[in-house]
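> One structure, as structure tokens, below. Some questions next.
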Amino acid sequence: MLLLKILFQRQRVFALLLIFIFLSGIFALGTVSRQENPEIAQRWSVIQTVYPGASPARLETQVLEPMEAKLREVYEVDDINSF
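Numbering-wise (the UniProt record's numbering), the sequence shown opens with residue 1 and increments by one.
Put into structure tokens, the structure is as follows:
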């Protein structure tokens with residue numbers, strides 16, 4: 001309430017403040033970059049498999065290779081890393 005009272009008592013300061021805010025908005029509109037189709041952050045996912053008692057070779061042949069083959073069929077999958 002006090003701020004409004006001060007602004008209405010000093011109308012020149014209020015007018016200058018409004019003009020400054022308006023001009024700042026116009027300046028920002030011209031300088032902020034805009035894109036029609038902006039880049040979207042890359043999406044990624046982690047798949048963790050557990051096969052208790054299996055050797056690494058068995059896990060690779062029975063789980064990882066079939067899983068990687070199915071994942072390669074997915075259109076949006078670009079890269080597959082397994083370790």
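C-beta: ideal position from N, C-alpha, C; glycine also.
Which value, in whole angstroms, describes the spacing of the CA atoms of residue 11 and residue 28?
Reading the sequence shown from its first residue, position 11 is the one you call residue 11. Reading the sequence shown from its first residue, position 28 is the one you call residue 28. Spanning the two alpha carbons is a distance of roughly 26 Å.
> Provide the residue span of the alpha helix (DSSP H) that contains residue 55, from first to last.
Along the sequence shown, one-based indexing puts residue 55 at 55. Residue 55 -> no alpha helix (DSSP H), and no H or E assigned at all.
> Is residue 33 helix, strand or coil when you go by DSSP?
Mapped onto the sequence shown, residue 33 falls at position 33. Residue 33: coil per DSSP, three-state reduction.
> Indicate whether residue 32 and residue 49 have their beta-carbon atoms separated by less than 7 Å.
Your numbering for residue 32 matches position 32 in the sequence shown. Your numbering for residue 49 matches position 49 in the sequence shown. Result no, Cβ atoms of residue 32 and residue 49 do not sit closer than 7 Å.
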